[in-house]
Amino acid sequence: MQRRDFSRSLLAAGTTAVGAAAGLTLTPALAQRAALQEGNHYVRLPAPAPVQAPAGQIEVVEFFAYTCGFCYQFEPMLHAWEQKKPADVKLRRVPVGFSREFVPLQQLFFTLEAMGQIDALHPKIFQAIHGDREPLITPPVILEWVVKQGVDRARYSEIATSEAIGRKIADAIRLHDAYGVEGTPSLGVAGKYCVKGQGAQTLVIADALIAEVRKA
Numbered sequence: 077m078q079r080r081d082f083s084r085s086l087l088a089a090g091t092t093a094v095g096a097a098a099g100l101t102l103t104p105a106l107a108q109r110a111a112l113q114e115g116n117h118y119v120r121l122p123a124p125a126p127v128q129a130p131a132g133q134i135e136v137v138e139f140f141a142y143t144c145g146f147c148y149q150f151e152p153m154l155h156a157w158e159q160k161k162p163a164d165v166k167l168r169r170v171p172v173g174f175s176r177e178f179v180p181l182q183q184l185f186f187t188l189e190a191m192g193q194i195d196a197l198h199p200k201i202f203q204a205i206h207g208d209r210e211p212l213i214t215p216p217v218i219l220e221w222v223v224k225q226g227v228d229r230a231r232y233s234e235i236a237t238s239e240a241i242g243r244k245i246a247d248a249i250r251l252h253d254a255y256g257v258e259g260t261p262s263l264g265v266a267g268k269y270c271v272k273g274q275g276a277q278t279l280v281i282a283d284a285l286i287a288e289v290r291k292a
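Residues in the sequence shown are numbered consecutively from 77, following our numbering.
Shown next, in the form of structure tokens:
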């Protein structure tokens, strides 16, 4: 899913998911052999983007959209990477908002996050949209789906329509603009680099950039 033209190179034809499932080890050494090129595999930001990670930690931000099929395919790879990432790396997920149509699902993510439900329901949302073909697009449909997952209707509605969630949505838009994100999935690294989605290679590139940040 992309704001402008969408690149079909996000996933190498069927091989990335297989590699991830087989336990592909993603290391900076692999990235070096891939001959990473600035401007091709990643972009160095002209100005730093804000980070939330505390001092001594390196923040990696996944920019995603629930309606993006490539994000759906990338999610298990990212989850596997997250389980093995170094202790000094902090992963943060941020739903993009390229237009008003994205807002209901941004609202869904941030509300469940505020309720402590995002870890349990994040993969289920992808499955509902892409596996079960449920039309989770509008707030009423989303609300009914959330309630079926055991989430309290009144509490969800109260939080979803709060000013706090509105601010989180606005902050998310500012952040993906700061990183210059134009497609999903994309990764932001340490407020310095943006990596466009390239299947499992996306994480290889991220590991190499994390190594560069440690050297600074």
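The C-beta atom is built at its ideal place from N, Cα and C for all residues, glycine as well. Every value quoted in this text rests on a predicted model; they were computed, and no experiment measured them.
Asked: Please identify the residue among Q159, F140, T237 and Q133 whose C-alpha is closest to the C-alpha of V271.; Found: F140
Asked: Using the Cα positions of P122 and K224, report the straight-line distance between them to the nearest angstrom.; Found: 45 Å
Asked: Using the beta-carbon count (16 or more within 10 Å), is H117 buried or exposed?; Found: buried
Asked: Pull up the distance between the alpha-carbon of P124 and that of G115, whole angstroms please.; Found: 17 Å
Asked: What is the DSSP secondary structure of G264, counted as helix, strand or coil?; Found: strand
Asked: For the structure I just gave you, are there three or more beta carbon pairs, one from the region 210-226 and one from the region 162-169, closer than 8 Å?; Found: no
Asked: With a threshold of 16 other CB atoms inside 10 Å of the CB of S262, please say whether the residue is buried or exposed.; Found: buried
Asked: What residue from G267, E210 and Q133 has the CA that sits closest to T143's CA?; Found: E210
Asked: Does the beta-carbon of H155 have 16 or more other beta-carbons within 10 angstroms, so that it is buried, or is it exposed?; Found: exposed
Asked: Using beta-carbon positions only, say whether I241 and F186 come within less than 7 Å of one another.; Found: yes
Asked: Q277 to K268, Cα distance in whole Å?; Found: 19 Å
Asked: Give the secondary structure of Q113 by DSSP, where H, G and I count as helix, E and B as strand, and everything else as coil.; Found: coil
Asked: Using the rule of at least 16 other Cβ atoms within 10 Å of the residue's Cβ for burial, across every protein chain shown, is Q183 buried or exposed?; Found: buried
Asked: Helix, strand or coil for K161 per DSSP?; Found: coil
Asked: Spatial neighbours of P199 within its chain, please: C-beta separation below 7 Å, excluding the five flanking residues on both sides.; Found: E151
Asked: Considering only residues of the same chain and omitting the five flanking positions on each side of A282, which have a CB-CB separation below 7 Å?; Found: V136, L263, V265 and V271
Asked: From L100 to P130, what distance separates their C-alpha atoms?; Found: In this prediction, L100 has a pLDDT of 43, which is less than 50 and means its spatial position is unreliable; nothing more can be read from the coordinates.
Asked: Measure the CB-CB distance between V172 and T237 and report whether it falls below 7 Å.; Found: no
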